[in-house]
Amino acid sequence: MKELLLAAMLAVTPAQTTVNVKVYFSQGHGVPGKVVPVTRTSPHAGVARFAVEQLIKGPTAAERRRGLHSELTGKLRGRSDCGADFSLKIRKGTATLRFCRTVWGAGVGSDARALRTIDRTLKQFPTVKRVVTLAKDGRCLFDQTESGTSCLTGRE
């Protein structure tokens with residue numbers, strides 16, 4: 001009887017779903033730079049969120065030895081205003097990534113590489129055609145224009 005009960009419980013318990021995703025890291029220091037995909041296994045269905053988390057975490061030691069790096073690793077500072085490092089919404093083909101902590105830029109080249117890796121990482125998903133990346137204050141990340149809205153309008 002115990003075996004039958006255990007079998008019944010296993011039959012109705014959902015299996016752990018894992019999904020392979022790509023995380024695009026920078027290689028070299030060109031502008032906007034070469035990006036190289038690596039594979040990570042998401043332990044849950046929130047694959048886009050997981051991919052961005054991995055981009056912030058950065059490459060493994062073996063990947064760093066191959067010359068890969070993330071322009072976001074170690075660049076988030078201060079308190080979060082949303083309880084996490086970022087919020088992510090995907091709606092009507094647009095992924096809006098808003099950092100909830102301050103992201104410290106390291107210059108034009110580094111900033112361009114960071115935006116490129118975010119863009120490539122999120123556009124791997126078929127539901128994402130466009131990526132908008134916002135700073136904590138709601139301005140486009142690393143946008144130094146007066147309006148700070150170039151990522152929203154597509155114009156500088």
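Read left to right, the sequence shown gives residues 1 to 156 (the UniProt record's numbering).
No residue lacks a Cβ here, since even glycine has one placed at the ideal position from N, Cα and C.
Would residue i be called buried (16 or more neighbouring beta carbons within 10 Å of its own) or exposed?
| i | result |
| --- | --- |
| VAL108 | exposed |
| GLN144 | exposed |
| ARG65 | exposed |
| ARG79 | exposed |
| GLU146 | exposed |
| ASP111 | buried |
Whole angstroms is fine: what's the gap from residue i's alpha carbon to residue j's?
| i | j | result |
| --- | --- | --- |
| GLY105 | GLY67 | 20 Å |
| GLY150 | THR17 | This sequence places Ser at residue 150; Gly is not what is there. Whole-angstrom Cα-Cα distance: 38 Å. |
| PRO126 | ILE118 | 15 Å |
| GLN54 | VAL23 | 7 Å |
| ARG120 | GLY83 | 25 Å |
| VAL19 | GLN27 | 25 Å |
| PHE86 | THR94 | 16 Å |
In three-state DSSP terms, what is residue i?
| i | result |
| --- | --- |
| LEU141 | coil |
| SER147 | coil |
| MET9 | Its pLDDT being 44, under 50, MET9 is placed unreliably by the model, and nothing is read from it. |
Let me check one thing: in DSSP terms, what residues is residue i bridge-paired to?
| i | result |
| --- | --- |
| LEU152 | LEU152 pairs with nothing; no bridge assigned. |
Whole alpha helix (DSSP H) runs in the UniProt domain "GerMN" (22–132) with 4 or more residues, listed along the chain?
List check, alpha helix (DSSP H) in window: 47–57, 61–65, 108–123.
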